[in-house]
Amino acid sequence: MKVLIADFDLFLKIGGGQTFYRQIIEKNPEIDFYYLLEKENQNNFRPNNAHGITYKPIYQIHDLNNYINVNPPRWAYRSFTLASNIANSVTGYSFDVVDAPDYEQYTLFLRPALKYHGVKCEKIALSMHGKISTTLQLDWFGSKEVNIPLDIEEKMQFKTADIRYGISKSYLKEWQNLVDLETQYFNPLHFIDLPQSQSLENNQNKPNLYFIGRTEKRKGADIFIDLVWWLSANNYNQASIIGPHSYSEFGDSSQVLLQSMINKRLININILPSKPRQELYKIFAQPAITFLPSRYDTLNLLALESLFSGCPTAIGSGAGVCQFLEENFPQLPWIKIDVNNTYECLPKLTNILENYYDYRQQLNEALLTINTNTNDPNLSSIYHTENNHDLDVCAELKEWYSQLINYWNSRTENKNYLKSIPSKVINKAIKPSIKKVKSKLIRYAEDTRSSQLIKSPFIASQYHKVFTLSEQTELEIEKKLQQVWNLAETFEPEAKGIKGKIQSAFRLDRVRVWREIARLERMRNNDLVATTYYLRSMRALGIDRFNELPYVIKTLEEKGFKPEAKVAEAMFKDISQQTEKTFNILNDTYQNNLKYQPQEYEFIDERRDKENYQVSVIVSLYNAAPKLPLFLRVLAEQTLVKKGLVEIILVDSGSPDQEYQVFKQLQSELNLPVVYLRSQNRETIQNAWNRGILLCRSPYITFLGVDETILPECLEVLAHELEENSDIDWVISHSLVTDVDLQGNHVNDIMLYDRSNYDQNFVYLDTCYLSLVGGLYRKNIHDRFGYYDSSYRGAGDTEFKNRVLPHIKTKMINRVLGLFWNYPDARTTQSPMAEVEDIRAWYLHRTLGGIKYAFNEKNTAEIEQFLIKTLAYRKSYCQHISSDLEYAYNLSQLLTEMKPSSSFLQLKPTIDELFLAYRQLDWIENLTTFSPSKILWNTRKLGEKIEVLHRQIISKLGNSNFNPNYDIFHDNRHEQHANLWLT
Numbered sequence: 001m002k003v004l005i006a007d008f009d010l011f012l013k014i015g016g017g018q019t020f021y022r023q024i025i026e027k028n029p030e031i032d033f034y035y036l037l038e039k040e041n042q043n044n045f046r047p048n049n050a051h052g053i054t055y056k057p058i059y060q061i062h063d064l065n066n067y068i069n070v071n072p073p074r075w076a077y078r079s080f081t082l083a084s085n086i087a088n089s090v091t092g093y094s095f096d097v098v099d100a101p102d103y104e105q106y107t108l109f110l111r112p113a114l115k116y117h118g119v120k121c122e123k124i125a126l127s128m129h130g131k132i133s134t135t136l137q138l139d140w141f142g143s144k145e146v147n148i149p150l151d152i153e154e155k156m157q158f159k160t161a162d163i164r165y166g167i168s169k170s171y172l173k174e175w176q177n178l179v180d181l182e183t184q185y186f187n188p189l190h191f192i193d194l195p196q197s198q199s200l201e202n203n204q205n206k207p208n209l210y211f212i213g214r215t216e217k218r219k220g221a222d223i224f225i226d227l228v229w230w231l232s233a234n235n236y237n238q239a240s241i242i243g244p245h246s247y248s249e250f251g252d253s254s255q256v257l258l259q260s261m262i263n264k265r266l267i268n269i270n271i272l273p274s275k276p277r278q279e280l281y282k283i284f285a286q287p288a289i290t291f292l293p294s295r296y297d298t299l300n301l302l303a304l305e306s307l308f309s310g311c312p313t314a315i316g317s318g319a320g321v322c323q324f325l326e327e328n329f330p331q332l333p334w335i336k337i338d339v340n341n342t343y344e345c346l347p348k349l350t351n352i353l354e355n356y357y358d359y360r361q362q363l364n365e366a367l368l369t370i371n372t373n374t375n376d377p378n379l380s381s382i383y384h385t386e387n388n389h390d391l392d393v394c395a396e397l398k399e400w401y402s403q404l405i406n407y408w409n410s411r412t413e414n415k416n417y418l419k420s421i422p423s424k425v426i427n428k429a430i431k432p433s434i435k436k437v438k439s440k441l442i443r444y445a446e447d448t449r450s451s452q453l454i455k456s457p458f459i460a461s462q463y464h465k466v467f468t469l470s471e472q473t474e475l476e477i478e479k480k481l482q483q484v485w486n487l488a489e490t491f492e493p494e495a496k497g498i499k500g501k502i503q504s505a506f507r508l509d510r511v512r513v514w515r516e517i518a519r520l521e522r523m524r525n526n527d528l529v530a531t532t533y534y535l536r537s538m539r540a541l542g543i544d545r546f547n548e549l550p551y552v553i554k555t556l557e558e559k560g561f562k563p564e565a566k567v568a569e570a571m572f573k574d575i576s577q578q579t580e581k582t583f584n585i586l587n588d589t590y591q592n593n594l595k596y597q598p599q600e601y602e603f604i605d606e607r608r609d610k611e612n613y614q615v616s617v618i619v620s621l622y623n624a625a626p627k628l629p630l631f632l633r634v635l636a637e638q639t640l641v642k643k644g645l646v647e648i649i650l651v652d653s654g655s656p657d658q659e660y661q662v663f664k665q666l667q668s669e670l671n672l673p674v675v676y677l678r679s680q681n682r683e684t685i686q687n688a689w690n691r692g693i694l695l696c697r698s699p700y701i702t703f704l705g706v707d708e709t710i711l712p713e714c715l716e717v718l719a720h721e722l723e724e725n726s727d728i729d730w731v732i733s734h735s736l737v738t739d740v741d742l743q744g745n746h747v748n749d750i751m752l753y754d755r756s757n758y759d760q761n762f763v764y765l766d767t768c769y770l771s772l773v774g775g776l777y778r779k780n781i782h783d784r785f786g787y788y789d790s791s792y793r794g795a796g797d798t799e800f801k802n803r804v805l806p807h808i809k810t811k812m813i814n815r816v817l818g819l820f821w822n823y824p825d826a827r828t829t830q831s832p833m834a835e836v837e838d839i840r841a842w843y844l845h846r847t848l849g850g851i852k853y854a855f856n857e858k859n860t861a862e863i864e865q866f867l868i869k870t871l872a873y874r875k876s877y878c879q880h881i882s883s884d885l886e887y888a889y890n891l892s893q894l895l896t897e898m899k900p901s902s903s904f905l906q907l908k909p910t911i912d913e914l915f916l917a918y919r920q921l922d923w924i925e926n927l928t929t930f931s932p933s934k935i936l937w938n939t940r941k942l943g944e945k946i947e948v949l950h951r952q953i954i955s956k957l958g959n960s961n962f963n964p965n966y967d968i969f970h971d972n973r974h975e976q977h978a979n980l981w982l983t
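What follows is the structure in C-alpha cells.
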C-alpha cells in the first residue's frame with residue numbers, strides 16, 4: 001500500500017502531528033509512506049518505508065489578488081494554494097491513500113487538486129488531531145468568538161474526506177455531534193511505545209512539580225501556576241514550566257503572561273525551554289508530579305509517557321487521554337483536574353504530596369497488572385474502510401477549485417509577475433513603516449501628559465459642539481449625555497483612532513463636564529447620580545462655588561443619606577467652620593459606635609462543637625446561594641480549619657435566595673463548625689458583621705464575601721503573627737484580584753494589591769493598603785474602639801479603618817494570601833451610592849479636621865516623615881509613583897499648628913502653590929481655544945521646577961531616596977473617583 005502523508009518534514013519537526021506520523025510510519029513497515037520535504041534534508045535518517053518528496057510550490061496567494069467573485073470566498077485561497085502546491089509536488093505519482101491532518105485546511109481542495117495535476121488517488125483520509133478554531137478561541141491572544149470562516153472550512157474538509165479517523169474518542173464524539181458522518185477510532189496502543197516504569201532515584205527528596213508542554217492557554221499552564229500557589233510550599237521542592245511558548249501575531253509571548261502571573265503571586269516557578277524525551281524520562285524517574293491541566297487536548301501522549309514511567313500525573317479533564325485511561329486502564333491511579341472546578345483536586349494533590357512515596361508505589365504496582373493489547377482496528381483496516389463523503393460539498397468544492405485554477409491559468413504570466421513585485425514591496429516595506437509611524441503617534445497620544453497638551457486646543461470647540469446639542473426629548477437627552485460622557489471618559493478605546501482620541505477623554509476643566517452631566521441627569525430624574533457629580537465638583541474646587549449644596553443636601557436626605565448630607569453641609573456650607581465641624585462629626589461618630597446593641601434574629605442554627613476557637617470567619621450572605629458551595633469548599637481547605645481551630649459565622653441578611661438550603665446540603669458533606677443566623681429583613685453588611693462579631697468565640701476575626709477567598713495557609717500564617725506580636729492589632733498580606741467565570745474558574749488576573757514597603761499611614765492615601773481579604777485582626781479592637789457603623793451600605797469598612805487607625809498598630813506580611821473572585825456581576829462598591837457614602841467614609845477624613853483626628857496624638861516627627869510620603873508614594877494597585885497634593889496641603893497646615901519651627905515646613909509654600917495650580921486645572925475660568933493649553937503648560941513647568949526644589953530640600957533633610965513624580969495626572973485627584981457612572 002502506498003500512502004501520501006500530506007504534511008511536511010516529518011523527521012525534522014517535533015510537533016505533535018509530526019510525532020504521530022513518525023510513529024505510524026515506524027509501526028507499519030508493510031506500508032510505503034511518502035511525505036513532503038521543505039526544510040528537511042533529503043539525506044536525513046528515516047525508516048526504509050518512509051520516502052521524502054521535494055516540495056515544489058508554484059502557486060502564490062497573491063496570484064489571486066485581482067480575482068473578484070462571490071464564490072469561492074477569499075478565506076479559501078490559502079487552502080487552494082497549499083493543496084495545489086502539494087499536488088504539483090507529487091505530479092505523476094499514484095497513491096492508495098492520501099492522509100492529511102485536520103490542523104491544516106487544505107484537505108478542502110486536495111481531491112480536485114490531485115486530479116488536475118494528474119495524481120491518482122483512491123481515498124482521501126482526514127487524520128483528526130484537533131480543531132484549530134477551538135484552539136484559537138482558547139488562546140491567550142485570540143478572540144473568544146468563533147472564527148466563522150475557519151469553522152466553515154473545518155466542517156467542509158471533514159465532509160469532503162472519504163475516511164475520518166482519530167486517536168481520541170472524545171474528539172470523534174465532538175465531531176459526531178456536529179456532522180453526521182462516520183468516523184474511525186484508531187487506538188493509540190497501535191502505535192505508541194509505552195515506557196517501562198522506572199526505579200525511583202533520590203527517594204528522600206520532596207517531589208518537584210512540573211508543567212510540561214506548549215504554554216498556549218488551552219494546555220493550562222495558568223491552571224498549573226494557580227494550583228502551585230494554592231499548594232503548601234512545604235510539601236514540594238520546586239516547581240517548573242517546561243516547554244515552548246506561543247506568540248501573538250504581534251510577537252507577544254505567553255512567557256510574559258505566565259511570568260506576570262507568577263510575580264503577582266510571589267511564588268517561585270521556573271520557566272524553562274523544551275527538553276528532549278530522554279531528559280523528560282529522567283524527570284519522571286525523580287520524585288515528581290507531572291501536571292498536564294489541558295482545557296482542550298485531543299489526547300496528550302505525554303500524559304501516557306509520564307504515567308507509564310511510574311510518575312504521578314495530574315491531567316486536565318479537557319484532554320482526551322482521560323477517557324482513554326478510564327476505558328483501557330481503570331486500575332491506574334492518576335489525578336483528574338476538573339478544568340471547570342480546578343479547586344476540587346486540591347485535597348487530593350495535598351494528600352499525594354504528603355504521602356508521595358506511598359502513592360508512587362501504588363502506581364507502580366498497578367502498572368505491573370496492565371494489558372496493552374487491543375482488538376480495535378489497525379491503520380491498514382482503517383485505510384480500507386469504504387469511502388463515505390458528502391457529495392454536495394465535494395461538488396461545491398470541485399466547482400470552487402475549477403474557478404480558481406481557471407483564473408490562475410488565464411492571467412498573463414508577465415503581467416502577474418510585474419504586479420507581484422510592487423505588492424511584495426508594499427507588504428514588506430511600506431506597510432510596516434506606515435504601521436510603525438501610526439503606532440508611534442497612537443502611543444504618543446496615549447501618554448497622558450503629552451496627549452492632554454495635544455488635545456487642549458480642542459476642548460472649547462468640543463464643549464460648545466456637545467453642550468449646544470438639542471435636548472427636547474428623552475432620546476435627545478440620552479444621546480447628548482453619551483456625547484458628554486465621551487468628553488470626560490478616563491480611558492481611550494483603541495477603536496477611536498487618532499482623531500477620535502484627540503476629540504475626547506479630556507482631563508482638564510472637568511468640573512464643567514461633571515456639572516453638565518449632573519444637569520442632564522436631573523432632567524432624567526436621576527437625582528442621586530446628579531448629586532454624586534455635584535459633590536465631586538465641590539471636592540475638586542474645595543467649595544460650593546455654584547450654590548448647588550442646597551439641592552445636594554435635599555436630595556441626600558430624601559434618598560436616605562442623612563449622615564452624608566450632614567457631612568456635605570459641614571464640608572462646604574461655611575469653609576471657615578469646616579475644620580471644627582468635621583472634627584466634631586468624627587469624634588461624635590467614634591462615641592456613637594463604641595457599643596452595638598444586639599438585635600433579634602429570625603433564627604439561629606448552631607453547628608459549633610466548642611466554646612473556643614482561634615479564628616472566626618464572618619460571612620455576610622445576600623443573593624449568594626450560587627457562589628456559596630465553592631466558597632465553603634475552598635474555605636474548608638484552610639489548614640486551621642482542618643485542625644479544628646476556625647469557626648465560620650454565616651449571617652443571612654434576609655436574603656430571598658436559598659442560602660440556608662444550600663448550607664444544609666453542604667454541611668452534611670463538609671461538617672464545618674458553623675453558626676448560621678438569619679435576620680428577618682434585609683440589613684446592611686456592616687450590621688450583619690456586627691451581629692457576627694457578637695457571636696465570635698475567637699480572639700481573631702476576619703470577614704469575607706462569597707466572592708472572596710484566602711489561600712489555605714492564610715489564617716494560620718496571620719494568626720501566628722498576632723500570637724507572636726502582642727503589640728500588633730491587625731495583620732495584612734497582599735491580595736490578588738482575578739476575573740472568574742460564573743463557576744468561579746480563573747479567567748485572568750486583573751491586578752495585585754501589592755502592599756510592599758507598607759506604612760500604616762498609607763491607608764489615609766489609599767484605603768486598599770489595609771484590607772479584610774488576606775487580613776486578620778484582634779476581636780478586642782471592637783471592645784476598645786467600637787463596632788462598624790451600621791448605617792453604611794457599601795463603604796462601612798473604609799470608615800471603620802479610618803476611625804480606628806489612629807488607635808491601633810498594623811503590620812504587613814509579604815505573601816499573597818487574599819484572593820478576589822471578580823464574577824461577571826455588579827458589586828455594591830462600584831456604584832454612585834458608594835461614592836456618595838465615601839463623602840463621610842473617606843473624604844471627611846481628608847479634610848483638615850479629619851487629619852487632626854488622625855494625627856493629633858501623633859508625634860510631629862511621624863507627621864514630618866509622612867508629609868514627604870504624601871508627595872511620592874505608590875498606590876497598592878499601581879506601579880507608578882503618585883502624589884497627593886491635597887493631603888499634603890492639609891497635613892502641612894496641621895504641622896504648622898503643631899510645630900511652627902519644623903524644617904519640613906520649607907516645603908509648604910510650594911506644596912500650596914502646586915496644589916492650587918492643580919485645582920485651577922479642574923475649572924478654567926475663561927475657557928478659550930488656547931487657555932487650557934497655556935494653563936496646562938504653565939502647571940507642567942511649575943511641577944517640574946518644584947520637583948527639583950523638593951528633591952534638594954528633602955535631600956538636605958536627610959532623605960536622599962526621595963523621588964517625586966509631579967505628573968498632574970498621577971496625582972490622587974485624577975486617580976480616585978475620576979470615572980463616570982454610565983447610567
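Read in order, the letters of the sequence shown correspond to residues 1 to 983 in the working numbering.
The beta-carbon is built from N, C-alpha and C at its ideal position, and this holds for glycine as well.
Everything numeric in this text was worked out from a predicted model, so none of it was measured.
- Under the DSSP assignment, Met1 falls outside any alpha helix (DSSP H); it carries neither an H nor an E label.
- If one requires a minimum length of 4 residues, the alpha helix (DSSP H) runs lying completely within the stretch 307-342 are 321-328, in chain order.
- If you look at Lys120, you'll find it isn't in any alpha helix (DSSP H); it sits in the beta strand (DSSP E) that goes 120-128.
- For the options Leu304, Ile693, Gln482, the alpha carbon positioned closest to that of Phe467 is the one of Gln482.
- Out of Leu905, Leu772, Gln760, the CA that lies nearest to the CA of Tyr873 is found in Gln760.
- Note on geometry: alpha-carbon atoms of Asp922 and Asp509 lie some 4 Å from one another.
- Runs of the alpha helix (DSSP H) lying entirely within the stretch 363-408 and spanning at least 4 residues, in chain order: 379-383.
- Within the DSSP secondary-structure output, Ser620 pairs in a beta bridge with Val651.
- The residue from His129, Tyr35, Leu36 with its alpha-carbon nearest to that of Lys169 is His129.
- When only Cα atoms are considered, Val321 and Leu776 end up about 43 Å apart.
- In this structure the stretch 101-108 touches the stretch 157-171; the number of beta carbon pairs closer than 8 Å is three or more.
- Assignment of Ser882 by DSSP, reduced to helix, strand and coil, places it in the strand class.
- Within the same chain, Arg678 come within 6 Å of Phe603 by CB-CB distance, once the 5 residues on both sides are set aside.
- Beta-bridge pairing by DSSP links Thr473 to no other residue.
- Assignment of Phe546 by DSSP, reduced to helix, strand and coil, places it in the coil class.
- Take the alpha-carbon of His950 and the one of Tyr853: they are about 27 Å apart.
- Within the DSSP bridge table, the entry for His245 names no partner.
- For Met261, the CB contacts under 7 Å within the same chain, skipping 5 residues up- and downstream, are Asp222, Ile225, Asp749 in chain order.
- Residue pairing by DSSP places Lys811 opposite Val731 in a beta bridge.
- Between Gln503 and Leu936, the gap from beta carbon to beta carbon reaches 9 Å or more.
- In the DSSP assignment, Arg519 falls within the unbroken alpha helix (DSSP H) covering 510-523.
- With the rule of 3 Cβ pairs closer than 8 Å, the stretch 658-670 does not count as touching the stretch 560-575.
- Contact between Phe80 and Leu404 holds, since their C-beta atoms are separated by about 5 Å, short of 8 Å.
- Between the alpha carbons of Lys809 and Leu304 lies a gap of roughly 55 Å.
- As for any alpha helix (DSSP H) of minimum length 4 sitting wholly inside the stretch 549-582, the runs are 549-558, 562-572, ordered along the chain.
- The stretch 95-105 and the stretch 1-13 touch, with three or more beta-carbon pairs separated by less than 8 Å.
- With respect to the 9 Å criterion, Leu722 and Arg778 are classified as neighbours on the basis of their beta carbons.
- Here Glu611 is exposed. Its C-beta has fewer than 16 other C-beta atoms within 10 Å.
- Along the length of the stretch 189-214, whole beta strand (DSSP E) runs at least 3 residues long occupy 208-212, reported in chain order.
- DSSP places Thr290 in the uninterrupted beta strand (DSSP E) bounded by 288-292.
- With contact defined as three or more Cβ pairs closer than 8 Å, the stretch 751-765 and the stretch 875-893 are in contact.
- Bridge partners of Asp739 according to DSSP: Asn748, Asn822.
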